Every structure is written in structure tokens, then in C-alpha cells.
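Residue numbers (the UniProt record's numbering): 1 to 151.
Worksheet for the structure shown next.
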Ligand SMILES: [Zn+2]
């Protein structure tokens with residue numbers, strides 16, 4: 001229902017899920033994975049993206065139980081992010097269909113670290129790629145925090 005994925009679509013997120021050495025992964029269970037996004041805004045690097053391990057295009061096709069699990073995981077990751085990044089807040093968002101700014105045709109749920117006066121929405125056209133070293137640094141910070149949360 002309401003699908004826009006081109007035929008023979010090569011899904012970058014499915015490639016991440018199948019890559020056991022994916023460096024930016026911060027969390028994986030039987031159903032969901034979470035990793036540091038390759039994109040950032042000027043004052044908001046280290047965005048976390050949660051995806052289902054199975055290829056599902058958008059929210060309309062997501063089973064309810066998986067939506068609930070996604071939100072529960074988002075809370076856990078947001079709390080870890082609060083400590084690991086020392087951010088002042090988080091924004092979570094999720095895009096569907098090209099009109100909704102969905103760029104990758106695999107359901108994804110973003111957790112964006114927020115800081116006082118970070119002007120995220122004013123800077124919205126200034127999206128860029130995060131440097132690989134920075135992406136790795138945020139992945140390590142978050143993984144360390146998750147590890148200490150588990151203890
Ligand atoms: Zn996919």
C-alpha cells in the first residue's frame with residue numbers, strides 16, 4: 001500500500017543489516033537495528049537511526065508490534081544519548097513517501113540530539129555528511145553508554 005520503491009531497488013539499509021562488520025552499528029536484536037546516520041545538521045551530529053532488520057518500506061507496512069518495539073528502543077537510545085552526548089533534548093521523526101521527504105525506501109526512525117538554541121529547523125537546508133571519524137566516535141560513545149546501562 002502506498003509504495004514508491006523503484007523496481008530492483010538496492011536498499012542501503014538492507015546492506016547495513018547484512019554487514020556483520022558495519023562500523024556504525026550501535027544496537028541490534030532479532031528485529032531491529034540502530035546505527036549512527038551518515039547525515040547531520042550543523043549543530044546536530046550523531047543522529048541515530050532505528051530500522052527493522054527486515055525490509056519494510058514505510059509506516060503503512062510496519063506491523064503494530066514492531067512499531068511499539070521501535071518506540072521502546074527509541075526511548076532507551078534517547079536516554080543513552082542524553083548521557084553519552086550531554087544533549088539538552090531529543091527530537092524523533094520518521095518520514096513516509098517522497099512527499100514526506102522519505103529518501104531511503106526502508107522504514108527508518110530518527111533520534112536527533114538537540115541542544116539549546118541549536119536552530120535545527122532554521123539550518124534545515126544545511127544538511128551535510130558527517131565525517132567518518134566523527135560518525136565512529138558517536139557510535140563508540142553510544143555503545144559504551146548502552147553497555148554501562150546494561151550493567
Ligand atoms: Zn531495505
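C-beta atoms are modelled at their ideal positions from N, C-alpha and C, and glycine is treated no differently.
Nothing here was measured: the structure is a model prediction, and the numbers come from that model.
Distance from the C-beta of residue 88 to the nearest heavy atom of ligand 1 is not below 7 angstroms.
Sequence-distant Cβ neighbours of residue 30 in its own chain, meaning closer than 8 angstroms and more than five residues away, are 53. No heavy atom of ligand 1 is found nearer than 7 angstroms to the CB of residue 108.
Taking a cut-off of 8 angstroms for Cβ pairs, the region 49–65 and the region 130–150 do not touch, as fewer than three such pairs fall below it. For residue 12, the enclosing alpha helix (DSSP H) stretches over residues 12–18. DSSP, reduced to helix, strand and coil, places residue 119 outside both helices and strands of the structure shown, so it counts as coil. With a 10 Å radius around the Cβ and a threshold of 16 neighbouring Cβ atoms, residue 1 comes out exposed. Within 7 angstroms of the C-beta of residue 95 there is not a single heavy atom belonging to ligand 1. In this structure, 138 is the residue among 150, 70, 138, 151 with its C-alpha nearest to the C-alpha of residue 44.
DSSP, read as helix, strand or coil, puts residue 53 in coil.
Here residue 33 is buried, its C-beta having at least 16 other C-beta atoms within 10 Å. For residue 22, there is no enclosing beta strand (DSSP E), as DSSP marks it with neither H nor E.
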